[in-house]
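Everything in the sequence shown is counted per my numbering, starting at 325 for the first residue and increasing by one.
Beta carbons are placed, not taken as given, at the ideal position from N, Cα and C, and that holds for glycine.
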Amino acid sequence: MPINYYIFLAVALFCIGVAGVLTRRNAIIIFMCIELMLNAVNLLLVAFSKMHYKALAANQPDAGINGQIFVFFIMVVAAAEVSVGLAIIVMMYRNTHSIDVNFLNRLKH
Numbered sequence: 325m326p327i328n329y330y331i332f333l334a335v336a337l338f339c340i341g342v343a344g345v346l347t348r349r350n351a352i353i354i355f356m357c358i359e360l361m362l363n364a365v366n367l368l369l370v371a372f373s374k375m376h377y378k379a380l381a382a383n384q385p386d387a388g389i390n391g392q393i394f395v396f397f398i399m400v401v402a403a404a405e406v407s408v409g410l411a412i413i414v415m416m417y418r419n420t421h422s423i424d425v426n427f428l429n430r431l432k433h
């Protein structure tokens, strides 16, 4: 399959994620949109790694796994981010009984 399909899919997923972050007020949906953007980047990393593997497969036996290694570390960091983010959301809900992000602007005053 050509790399253009992967690029188009990743750009579409990333744009959906950006639109969700900019337009939504619910904190959980914002976190899901951030994860969608991270998965779009992961898709591109794996696709480019596979494309790069075809170019270097004859010279290096372990070529092409760098993208998968980066994806693994990104997923580990994203899991830690989600756990901390969900803990913050739970504490915000306990205190304010709302997960509306616009409510956090009122905490400044």
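Per DSSP, cross-strand counterpart(s) of residue i
i: N435; result: Residue 435 is absent from the model: the chain starts at 325 and stops at 433.
Spatial distance of residue i from residue j (CA atoms)
i: F396; j: S373; result: 13 angstroms
i: F332; j: N419; result: 42 angstroms
i: E405; j: I398; result: 10 angstroms
i: F427; j: G344; result: 18 angstroms
i: L337; j: N328; result: 14 angstroms
i: I340; j: T347; result: 11 angstroms
i: V425; j: I352; result: 10 angstroms
i: M415; j: I389; result: 40 angstroms
Reference residue i; option with closest CA among the options
i: P326; options: A403, L367 and M375; result: M375
i: A371; options: A403, G341, V335 and N350; result: V335
i: N363; options: Y377, A351 and V401; result: V401
i: F394; options: L410, N350 and N366; result: N366
Whole-angstrom C-beta distance between residue j and residue i, which should lie under 8 angstroms
i: L316; j: G391; result: Within the shown structure, residues of the chain are numbered from 325 to 433, placing residue 316 beyond reach of any answer.
i: I413; j: I423; result: 6 angstroms
Residue i (DSSP reduced to helix, strand or coil)
i: I331; result: helix
i: I389; result: coil
i: M325; result: coil
Min CB distance residue i to chain D below 8 angstroms
i: I358; result: Of the chains in the structure shown, none is chain D; there is only one protein chain.
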